Amino acid sequence: MEREYMEFDVVIVGAGPAGLSAACRLKQKANEAGQELSVCVVEKGAEVGGHILSGAVFETRALDELFPDWKELGAPLNTPVTRDDIYLLKNAEKAQKVPNMFVPKTMHNEGNYIISAGNLCRWLAQQAENLGVEVYPGFPAYEALIDENNVVRGILTGDMGVDRDGNHKADYVPGMELRAKYTFFAEGCRGHIGKQLIKHYGLDSESDPQHYGIGIKEIWDIDPSKHEPGLVVHTAGWPLDDENPGGSFLYHIENNQVVVGLIVDLSYSNPHLSPFDEFQRYKHHPVVSQYLEGGSRVAYGARAITKGGFNSLPKMVFPGGALIGCDLGTLNFAKIKGNHTAMKSGMLAAEAAAEALLGGSEGGNELTGYVEGYKNSWLYDDLYRSRNFGAAIHKFGAFVGGAFNFIDQNIFGGKIPVTLRDTKPDYAQLKKASEAKKIDYPKPDGKLSFDKLSSVFLSNTSHEANQPVHLKLADPSIPLDKNLPLYDEPAQRYCPAGVYEVVTSDDGDKRFQINAENCVHCKTCDIKDPSQNITWVTPEGGGGPNYPNM
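Under my numbering, the letters of the sequence shown match residues 1243 to 1792, in that order.
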């Protein structure tokens, strides 16, 4: 089919911290040279920031470089960190506060801010548009345009107005080609085009497997007498353990609110585990409930996290484009921070592309300047120093792994002369259901803990009902014929939005049901399915959650 097209110097997929920082940097470099560069950012969410979810304690290092006058420009950094409290939760009632002297220095947050990453992206989009960037929310990238010479030449946006069976509805509008000399992929964790490009170009052939977590987050209005703006609380231990690791956060932001969340490592082994339900019971621990009791929950969301770090980074470039941000995997797990590193990766890619384009390049080549810039930057140093952090926890558990990380970070500065490898993919870690302990989760009380459907309601998730299901099964028989007998079909539990169900009819027959309209775009299913049978693709433009300030 002949499609309409637009041409740009650079097309960026994803209006997150990485994509928007890249767009701003491209325009800044063009302005410094007195030349023009056409830059376009496409975003699958209905609005910029609507699909952004992060903790988030924010390190300003990249922002200081991108906009040194960010305070005067009104960047939404309103709550400086005042104190760090770190606890080891021993069980449902008891906890041990970790003395500061035994905390890895990467987890001290002096000079950082507690922010809404969504609001930061809204502000970055304003700066980008002020610089002349074209930002298009509600336009998901469907696939990369790869020419006969194996060069990425842009992207194809998704068709609109297609029914569940693939037929064109009355309001059908075909996707548009956005052609570019260079294309940056900043889709966030487990970006679906990034995943395709990694496979197509073999970008991960020399790296460890990527590793992930699922982060579940809520925002609460709390009693002003319990509110301490700038307080950062992290926990390890209960309700998780060494075979099913993870940790939590509770941050006091402005306006008598806290953000509270649990990160479950997707290397967990018990197929009966439900990250959502672990989060619900975690909130009943006295360390957490002391702040939440008497308060009200106002927002909910979930998102997978790319956390393999330095050793899991794929090759960053390919002919005609680059991976940036969490599409690449730049989160610093030792700091539990990824926004500043995502921004820096986007800026480095932008500087390389600007140098090439302003020097007369027609694009299509590999941006080796991006790779060189990364290796000579603080981003490389940041990620290198944290390379052992996650692997130590996986190999040795929270206590011994924590001790290793304390020695590595506080004594060796992240340069201990050993590199731990973590070579087993997360999806391959599950035990058989018959070999794992069943978990009896308490019913939600409607005060501190809640069910999935009421939670999804708070995420403002919406999809056009009559559209193709965007969760694709390579083999529709696998959920019932393989995953159910072997693993009690874990999709019923690892999804934090109730998308997957095994439904039993009156006559005892079972069917695997996909409630795609519930999907909050976390990508956990694409990552954790033990058969690697589920592929997440973009739904119709604007679908998904619409987070106000996550």
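Where is the CB? At the ideal position from N, CA and C, for every residue including glycine. None of these values were measured; they are calculated from a predicted model.
Output the distance between the C-alpha atoms of residue i and residue j, rounded to the nearest integer angstrom.
i: Ala1275; j: Leu1600; result: 8 Å
i: Asn1342; j: Gln1651; result: 14 Å
i: Cys1761; j: Ser1704; result: 8 Å
i: Asn1320; j: Val1299; result: 12 Å
i: Gly1479; j: Gly1489; result: 7 Å
i: His1763; j: Arg1545; result: 7 Å
i: Thr1425; j: Gly1580; result: 22 Å
i: Leu1565; j: Ala1591; result: 9 Å
i: Leu1362; j: Thr1777; result: 30 Å
i: Gly1374; j: Arg1395; result: 22 Å
i: Gln1522; j: Leu1295; result: 18 Å
i: Ser1701; j: Val1745; result: 25 Å
i: Val1284; j: Lys1765; result: 19 Å
i: Ala1412; j: His1453; result: 43 Å
i: Leu1621; j: Ile1440; result: 21 Å
i: Asn1372; j: Gly1360; result: 19 Å
i: Glu1485; j: Gly1639; result: 8 Å
i: Glu1249; j: His1293; result: 26 Å
i: Gly1643; j: Val1345; result: 13 Å
i: Ala1595; j: Ala1257; result: 18 Å
i: Asn1553; j: Tyr1329; result: 28 Å
i: Ala1367; j: Asp1751; result: 51 Å
i: Glu1743; j: Gly1353; result: 45 Å
i: Met1792; j: Gly1688; result: 22 Å
Comparing C-alpha positions only, which one of the options sits nearest to residue i?
i: Phe1381; options: Val1393, Glu1390 and Leu1398; result: Leu1398
i: Cys1568; options: Ser1628, Asn1647 and Ala1260; result: Ala1260
i: Ile1495; options: Leu1515, Pro1517 and Pro1466; result: Pro1466
i: Ile1578; options: Lys1336, Glu1376, Val1744 and Lys1347; result: Lys1347
i: Lys1617; options: Gly1644, Lys1586 and Lys1423; result: Lys1586
i: Glu1608; options: Val1540, Asn1708 and Tyr1443; result: Tyr1443
i: Pro1659; options: Lys1437, Glu1485 and Phe1646; result: Phe1646
i: Ser1603; options: Glu1246, His1712 and Val1252; result: Val1252
i: Val1530; options: Arg1629, Ala1633, His1469 and Phe1631; result: His1469
i: Ile1681; options: Ser1516, Arg1325 and Thr1324; result: Ser1516
i: Cys1282; options: Lys1271, Cys1266 and Asn1273; result: Cys1266
i: Met1654; options: Tyr1626, Tyr1683 and Lys1437; result: Correcting the residue type first, residue 1654 is Phe in the shown sequence and not Met. Of the candidates Tyr1626, Tyr1683 and Lys1437, the one whose C-alpha sits nearest the C-alpha of Phe1654 is Tyr1626.
i: Phe1427; options: Lys1332, Lys1286, Gly1643 and Val1404; result: Lys1286
i: Val1255; options: Ala1334, Gln1734, Gly1297 and Arg1421; result: Arg1421
i: Phe1631; options: Asp1664, Gly1536 and Thr1610; result: Asp1664
i: Pro1721; options: Asn1791, Phe1754, Val1741 and Leu1695; result: Phe1754
i: Glu1307; options: Glu1376, Glu1593 and Ser1697; result: Glu1593
i: Asp1401; options: Asn1391, Tyr1414 and Asp1389; result: Tyr1414
i: Gly1436; options: Gly1353, Pro1556 and Phe1692; result: Pro1556
i: Lys1269; options: Ala1370, Ser1676, His1527 and Lys1694; result: Ala1370
i: Asn1498; options: Ser1538, Leu1504, Pro1487 and Val1506; result: Ser1538
When DSSP builds the beta bridges, which residues end up paired with residue i?
i: Glu1385; result: Leu1398
i: Lys1557; result: The partner list for Lys1557 (beta bridge, DSSP) is empty, contrary to what the question assumes.
i: Trp1835; result: Because the chain here runs from 1243 to 1792, residue 1835 falls outside it and cannot be looked at.
i: Trp1462; result: Val1500 and Arg1539
i: Pro1322; result: Tyr1355
i: Ile1254; result: Val1283 and Phe1426
i: Met1248; result: Leu1420
i: Tyr1612; result: According to DSSP, Tyr1612 bridges with nothing at all.
i: Lys1339; result: Tyr1329
i: Tyr1454; result: Thr1548
i: Tyr1793; result: Coverage of the chain is limited to positions 1243 through 1792, which leaves residue 1793 absent and any answer about it impossible.
i: Gly1563; result: Thr1425 and Phe1560
i: Phe1491; result: His1476 and Gly1503
Once the 5 residues before and after residue i are set aside, which same chain residues still bring their CB inside 8 Å of it?
i: Leu1534; result: Trp1462, Ile1464, Val1500, Val1502, Lys1525 and Leu1690
i: Lys1724; result: Ser1773
i: Val1711; result: Arg1406, Ile1756 and Ala1758
i: Asp1327; result: Lys1339, Leu1473, Val1474, Val1475 and His1476
i: Asn1351; result: Val1299, Val1323, Asp1326 and Val1474
Just to confirm my understanding: we take residue i, look at its own chain, exclude 5 residues before and 5 after, and list those with CB closer than 7 Å. What are they?
i: Leu1672; result: Ser1511, Pro1513, Tyr1729, Pro1732 and Pro1772
i: Arg1364; result: Val1290 and Gly1291
i: Ala1288; result: Pro1379, Gly1380, Gly1784 and Asn1788
i: Tyr1669; result: Ile1769, Lys1770, Asp1771, Pro1772 and Gln1774
i: His1434; result: Trp1778, Val1779 and Thr1780
i: Leu1662; result: Asn1630, Ala1633, Ala1634 and Lys1637
Grab me the residues of residue i's own chain with a C-beta within less than 6 Å of its C-beta, minus the 5 sequence neighbours each way, in chain order.
i: Val1393; result: Pro1561, Gly1562 and Gly1606
i: Thr1572; result: Thr1583, Ala1584 and Ser1587
i: Ser1447; result: none
i: Arg1325; result: Leu1473
i: Gln1277; result: Leu1600
i: Ala1716; result: Asn1775
Could you check whether the Cβ of residue i sits closer than 7 Å to any heavy atom belonging to the ligand ZN?
i: Ser1696; result: Of the ligands one can find in the structure shown there are none, so the ligand ZN has no counterpart to examine.
Worksheet entry | Stretch pair the segment 1540-1557 + the segment 1470-1486: three plus CB contacts closer than 8 Å | no
Worksheet item: Does the segment 1311-1320 touch the segment 1384-1391, meaning 3 or more C-beta pairs lie closer than 8 Å?
Response: As far as the Cβ criterion goes, the segment 1384-1391 does not touch the segment 1311-1320, which means the pair count is below three.
Worksheet item: Would you call the segment 1615-1629 and the segment 1440-1457 in contact, with 3 or more CB pairs under 8 Å?
Response: no
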